[in-house]
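S.K.: Numbering (this note's numbering), first residue to last: 34 to 360. All C-beta atoms, glycine included, are put in the ideal place defined by N, C-alpha and C. Computed from a predicted structure; not experimentally measured.
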Ligand code: UFG
């Protein structure tokens with residue numbers, strides 16, 4: 034298939050683009066490089082790429098004139114929860130308004146399916162230990178709200194224009210390409226695992242633990258870490274199913290296992306063999322104590338089988354990339 038991948042120079046977009054290419058699909062990349070990295074496109078060997086914005090109608094018109102896509106995978110978005118609270122305008126503008134511009138071109142060009150990166154942040158505070166797709170969606174920050182708005186828009190576009198969608202609600206994306214060709218490098222970095230690995234490398238003195246008084250076994254927050262390559266594979270399976278069955282679907286993507294912040298740090302110590310200093314600090318605003326997916330639907334309906342479901346493999350791959358890239 035020929036697929037337009039927006040945000041292909043970013044973390045999850047690049048790992049999915051790589052997997053698409055390895056499975057014989059033709060990838061055309063679009064990235065404005067605000068957070069993406071140009072060298073990633075070179076590493077992936079993508080020749081058809083456009084540096085520009087999903088909100089630029091003229092650029093989109095050109096891209097859709099030059100290529101005929103069967104599907105679009107839409108990764109580009111702003112994704113800093115804290116920033117979304119202080120600057121909601123840029124989140125609604127970038128994540129919602131510009132996505133509508135992209136969707137309109139998809140409808141006009143007769144694209145069959147649109148795969149959308151959504152998030153467990155659309156659920157807000159968890160009401161159950163494991164969150165399934167029908168859990169109420171009450172986001173507690175503009176980032177989650179912006180993603181939920183697009184989910185609603187996609188349902189309306191399907192009804193009105195027959196554009197099929199696959200909505201994928203990620204839990205905590207982590208890990209890296211096992212061969213360390215690409216990996217996680219956000220700037221600024223806010224995610225737990227790369228920050229802990231920074232401490233292992235001596236790029237920071239210690240890792241702050243945001244809250245040790247949660248109602249969890251060791252007092253720290255629990256998350257469901259999912260390997261970025263397993264996320265990538267779910268995108269491909271979801272897309273194939275949407276096209277083969279001519280139907281839309283929504284899936285949670287997680288392993289269904291929760292690990293605490295302290296467990297993550299311990300695993301990073303074991304994998305890296307380095308000492309890692311910690312500093313217990315205040316809770317971070319907006320952090321739910323526990324977020325774990327019930328992801329049986331993707332397993333059953335897509336035959337999705339995460340390959341790296343254990344935290345050790347996830348951290349091993351993250352460390353391999355981190356060490357080779359930042360040491
Ligand atoms: N944490 C620390 N210290 C740090 C960084 C993080 O203790 O220096 C803790 C956080 O408080 C949280 C856990 O580690 O309990 C994981 O934090 P991340 O920032 O790595 O990930 P989040 O769970 O906050 O964020 C993820 C996705 C977001 C998504 C969010 C939904 O990365 O895109 O889940 O809640 F919006």
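1) Alpha carbon to alpha carbon, how far is residue 120 from residue 143?
2) Would residue 262 pass as a contact of residue 336 if the rule is Cβ separation under 9 Å?
3) Below 9 Å between beta carbons: does that hold for residue 218 and residue 44?
4) Does the stretch 280-296 come close enough to the stretch 246-258 to have 3 or more Cβ pairs within less than 8 Å?
5) Could you give the uninterrupted runs of the alpha helix (DSSP H) lying entirely in the stretch 249-279, keeping only those of 4 residues or more?
6) Consult DSSP for residue 357 and reduce its assignment to one of helix, strand or coil.
7) Would the beta-carbon of residue 223 be found less than 8 Å away from any heavy atom of the ligand UFG?
8) Between the Cα of residue 80 and the Cα atoms of 87, 63, 68, 90, which residue gives the shortest distance?
9) Say the cut is 8 Å; is the CB of residue 10 nearer than that to a heavy atom of the ligand UFG?
10) Tell me whether residue 294, by its Cβ, gets closer than 8 Å to a heavy atom of the ligand UFG.
11) Is residue 344 near the ligand UFG, going by C-beta to nearest heavy atom under 8 Å?
12) Please tell me whether residue 309 and residue 202 are closer than 9 Å, where the distance is taken between their beta carbons.
13) With three or more C-beta pairs closer than 8 Å as the rule, is the stretch 319-339 touching the stretch 187-194?
14) In the DSSP output, which residue or residues are listed as bridge partners for residue 243?
15) With DSSP as the reference, label residue 295 as helix, strand or coil.
16) In three-state DSSP terms, what is residue 350?
17) Within the present structure, is the beta-carbon of residue 252 separated from the nearest heavy atom of the ligand UFG by less than 8 Å?
18) Using only the alpha-carbon positions, how far apart do residue 85 and residue 149 sit?
19) By a C-beta neighbour count over all protein chains shown, 10 Å radius and 16 as the cutoff for buried, is residue 158 buried or exposed?
20) Determine the extent of the beta strand (DSSP E) in which residue 35 is found, giving its start and end residues.
21) If you follow the beta strand (DSSP E) that residue 59 is in, where does it begin and where does it stop?
22) My output table needs one value for residue 97: the three-state DSSP class, helix, strand or coil.
23) Taking C-beta to C-beta, are residue 249 and residue 293 nearer than 9 Å?
24) Would you call residue 95 buried or exposed, if buried means 16 or more other Cβ atoms sit within 10 Å of its Cβ?
25) Measure from the alpha carbon of residue 214 to the alpha carbon of each residue in 72, 117, 295, 183, then state which is nearest.
26) Do you know whose CA, among 325, 229, 66, lies nearest residue 109's CA?
27) So, with DSSP's three-state summary, where would you put residue 106?
28) Do residue 78 and residue 40 come within 9 Å of each other at the CB atom, strictly closer than that value?
M.R.: Considering the structure as presented:
1) Within the chain shown, numbered from 1, the residue matching residue 120 stands at position 87. Within the chain shown, numbered from 1, the residue matching residue 143 stands at position 110. One C-alpha to the other measures close to 34 Å.
2) Taking the chain shown and counting its residues from 1, one reaches residue 262 at position 229. Taking the chain shown and counting its residues from 1, one reaches residue 336 at position 303. No, they are not a contact pair.
3) Mapped onto the chain shown, residue 218 falls at position 185. Mapped onto the chain shown, residue 44 falls at position 11. In contact: residue 218 and residue 44 (Cβ atoms closer than 9 Å).
4) Touching, per the Cβ criterion.
5) If one requires a minimum length of 4 residues, the alpha helix (DSSP H) runs lying completely within the stretch 249-279 are 261-278, in chain order.
6) Translated into positions along the chain shown, residue 357 becomes position 324. In the displayed model, residue 357 falls within a helix according to three-state DSSP.
7) The residue labelled residue 223 in the question sits at position 190 within the chain shown. Within the cutoff, so yes.
8) As a position in the chain shown, residue 80 is number 47, starting the count at 1. Of the candidates 87, 63, 68, 90, the residue whose Cα lies closest to the Cα of residue 80 is 63.
9) Outside the shown range of the chain (34 to 360) lies residue 10, about which nothing can therefore be said.
10) Position 261 of the chain shown, counted from the first residue, corresponds to residue 294. Checking the Cβ of residue 294 against the ligand UFG gives yes.
11) Here the question's residue 344 lines up with position 311 in the chain shown. No, since every heavy atom of the ligand UFG falls outside the 8 Å radius drawn around the Cβ of residue 344.
12) Within the chain shown, the letter at position 276 stands for residue 309. Within the chain shown, the letter at position 169 stands for residue 202. Not closer than 9 Å, so no.
13) Verdict: no, contact absent.
14) Along the chain shown, read from residue 1 onward, the residue named residue 243 stands at position 210. According to DSSP, residue 243 bridges with 314.
15) For the purposes of this step, residue 295 is taken as the residue at position 262 of the chain shown. In the three-state reduction of the DSSP assignment, residue 295 falls in the helix class.
16) Along the chain shown, read from residue 1 onward, the residue named residue 350 stands at position 317. Of the three classes helix, strand and coil, the one that applies to residue 350 here is helix, per DSSP.
17) Within the chain shown, the letter at position 219 stands for residue 252. Incorrect: residue 252 has no Cβ contact closer than 8 Å to the ligand UFG.
18) The residue given as residue 85 occupies position 52 in the chain shown. The residue given as residue 149 occupies position 116 in the chain shown. Rounded to the nearest whole angstrom, the C-alpha separation of residue 85 and residue 149 is 19 Å.
19) Within the chain shown, numbered from 1, the residue matching residue 158 stands at position 125. Exposed, because fewer than 16 other Cβ atoms sit within 10 Å of the Cβ of residue 158.
20) Counted from its first residue, the chain shown places residue 35 at position 2. Note, residue 35: beta strand (DSSP E), 35-39.
21) Working through the chain shown from its first residue, we reach residue 59 at position 26. Its beta strand (DSSP E) spans residues 59-64.
22) Position 64 of the chain shown, counted from the start, is the residue given in the question as residue 97. Correct three-state label for residue 97: helix.
23) One-based indexing of the chain shown puts residue 249 at position 216. One-based indexing of the chain shown puts residue 293 at position 260. The answer is yes: Cβ separation under 9 Å.
24) Taking the chain shown and counting its residues from 1, one reaches residue 95 at position 62. Per the 10 Å Cβ criterion, exposed.
25) The residue labelled residue 214 in the question sits at position 181 within the chain shown. Nearest option by C-alpha distance: 72.
26) To locate residue 109, count along the chain shown from 1; it is residue 76. Measuring from the Cα of residue 109, the nearest candidate turns out to be 66.
27) Position 73 of the chain shown, counted from the start, is the residue given in the question as residue 106. The answer is strand: DSSP assigns residue 106 an E or B state.
28) Working through the chain shown from its first residue, we reach residue 40 at position 7. Working through the chain shown from its first residue, we reach residue 78 at position 45. Their beta carbons are not under 9 Å apart, which means residue 40 does not touch residue 78 by this criterion.
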